[in-house]
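*Asks:* To start, I am sharing the structure in question, which I have written as structure tokens.
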Amino acid sequence: MITRLKGINPELKLYMHTDGDVSEIIEDLIEVGIDILNPIQPECMDPVEIKRKYGDKLVLHGAVSLQKTLPFGSPEDVKEEVRYLIENCNVNGGFVLGPSNVLFKEIPPENIVAMYEAVY
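The numbers in my numbering rise by one with no breaks, and the one at position 39 of the sequence shown is 79.
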């Protein structure tokens, strides 16, 4: 199916959402034509290592911890994590910063603001 879709539109970019550790199948996902992987869940996979290994073939989307830093860290913890990810994963592009999944109501609003402030 992916081959057919890309045959119709060679510029088509395919985005795949997964949860958990999919590091063992990332090469397979690339081989079948996945272009963007969401999320890179830092509790299960090291975003910097995934970027190092596959960053020339795959766009990484979302790596800010939604299980630890955003809900339980301080605003400064969030800013540190965001800066670290930008510095280490945004090498030669191919990285979309964001939470490792959807934001939920228990996340302190000041941590959401801190995530955006760290970018700007």
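We treat Cβ as the ideally placed atom computed from N, Cα and C, and that holds for glycine.
Between which two residues does the beta strand (DSSP E) containing M155 stretch?
*Replies:* M155 -> not in any beta strand (DSSP E); alpha helix (DSSP H) instead, spanning P149 to V159.
*Asks:* Note down, one range per segment and in chain order, each beta strand (DSSP E) of at least 3 residues found wholly within the region 42–107.
*Replies:* Correct list: 55–57, 76–78 and 99–101.
*Asks:* To the nearest angstrom, how far is it from the Cα of V136 to the Cα of V159?
*Replies:* Each residue's Cα considered, the two are about 11 Å apart.
*Asks:* In the DSSP output, what is P139 paired with across the bridge?
*Replies:* DSSP output for P139 lists V104 as bridge partner(s).
*Asks:* Would D87 be called buried (16 or more neighbouring beta carbons within 10 Å of its own) or exposed?
*Replies:* The sequence given here places Pro at residue 87; Asp does not occur at that position. P87 should be labelled buried.
*Asks:* Roughly how many angstroms separate the alpha carbons of E64 and E150, rounded to a whole number?
*Replies:* In a straight line, the C-alpha of E64 is about 35 Å away from that of E150.
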